[in-house]
Amino acid sequence: MALARADRGIDATARAFWSQVHPVFMTPPLAASLFGAILAGSLETTLAVIHVVAMFAAVYTAHVKDGYVDFYVRGEDDDHPLTERGCRVALALSTALFALCCLLLFVFVDWLAVALVVPTWVIAYHHAPQLDMNPVTATVGYPLGISLSLLGGFYVQAETFAAVPLGFALVFLVLLSGIKVIDDTQDYAYDRSIEKRTVAVLIGPQRAYTLAYGLMMTALLVVVGFAVTRVFPPTAVLAALAFAAVGIVARRAEPELATMLLIRGSYVFLAVLVAAVWFEPLSGVF
316 MALARADRGI DATARAFWSQ VHPVFMTPPL AASLFGAILA GSLETTLAVI HVVAMFAAVY
376 TAHVKDGYVD FYVRGEDDDH PLTERGCRVA LALSTALFAL CCLLLFVFVD WLAVALVVPT
436 WVIAYHHAPQ LDMNPVTATV GYPLGISLSL LGGFYVQAET FAAVPLGFAL VFLVLLSGIK
496 VIDDTQDYAY DRSIEKRTVA VLIGPQRAYT LAYGLMMTAL LVVVGFAVTR VFPPTAVLAA
556 LAFAAVGIVA RRAEPELATM LLIRGSYVFL AVLVAAVWFE PLSGVF
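According to this note's numbering, the sequence shown holds residues 316 to 601 in order.
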């Protein structure tokens, strides 16, 4: 039985599997993992690669499962590159890869490293059709996965926790939750028609916008506060200013463009934070 819907053969199947790699949403979790490793101060390449691959497998699982549910279960999408069997095979392969990474982390690090990684797959697999039907889990699922990726990336290197990665994990959770609320307003009409209870459906698009920008502003103020108290490097304030500039522009845009701007603004935010930490390494741990 074919794995790709459009055509047969190895090339067509490979393209269908690769189509489930969505760089816009795949990049932040992988970057967060590497950012966590950088925060640890000393980088063990093998451990960093294992953790990044685990995050890749988790996000790939989310993309395949989400696409399967949207096309074959809900009928939301007009097309999907994989057959139903192809989706099951892709899920089996990504889960097997994730399990292998967990085993390696258990052997090379410890059980706590695995405990930080496993929830990312759970969130990914259950995002659709379970978690995305609730306003809280639909909003915080992806941001929580990124926060766990950052903490896990740090832990597999340092085998301990520290104030800085915990602070950054909190910031990303709040900031990205705000972006996710904006993203969900794009589908307000459709989500409401199928009783999908996103924040926008629950409180209305205008109030959702106000809440979203409130969350993002809160995250930026936390960055400034941590920088002032020297929990974060002082130059982390530049990251807050850079994202604030993007947020001001996005505030005047419609949801689709605003989401695109804010996601790319989060890339800039992360890049400036990496630079700030790179030139002022983490020095204190609990």
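Yeah, the Cβ is synthetic: ideal placement off N, Cα and C, and Gly gets one too. All values reported here derive from a predicted model rather than from experimental measurement.
Burial state of residue 463, where buried means 16 or more other Cβ atoms lie within 10 Å: buried
I'd like the span of the alpha helix (DSSP H) that includes residue 472, first residue to last. 450-473
Looking only at its own chain, which residues have a Cβ that is under 8 Å from the Cβ of residue 451, when we skip the five neighbours before and after it? Cβ within range, chain order: n/a, list empty.
Alpha carbon to alpha carbon, how far is residue 340 from residue 458? 11 Å
Taking the CB atoms as reference points, tell me whether residue 551 and residue 559 lie closer together than 8 Å. no
Which value, in whole angstroms, describes the spacing of the CA atoms of residue 277 and residue 381? Residue numbering for the chain in the displayed model covers 316 to 601; residue 277 lies beyond these limits and cannot be assessed.
Give the secondary structure of residue 358 by DSSP, where H, G and I count as helix, E and B as strand, and everything else as coil. coil
Among 588, 318, 497 and 572, which one has its Cα closest to the Cα of residue 535? 588
For residue 317, does the three-state DSSP call read helix, strand or coil? Three-state DSSP puts residue 317 in coil, outside helix and strand.
On the criterion of 16 or more Cβ atoms from any shown chain inside 10 Å, does residue 529 qualify as buried, or is it exposed? exposed
One or two residues paired with residue 397 in a DSSP bridge: 319
Excluding five sequence neighbours on each side, which residues of the same chain lie with their C-beta closer than 8 Å to the C-beta of residue 398? 316, 317, 318, 319 and 320
For residue 347 and residue 400, the rounded distance between their alpha carbons: 32 Å
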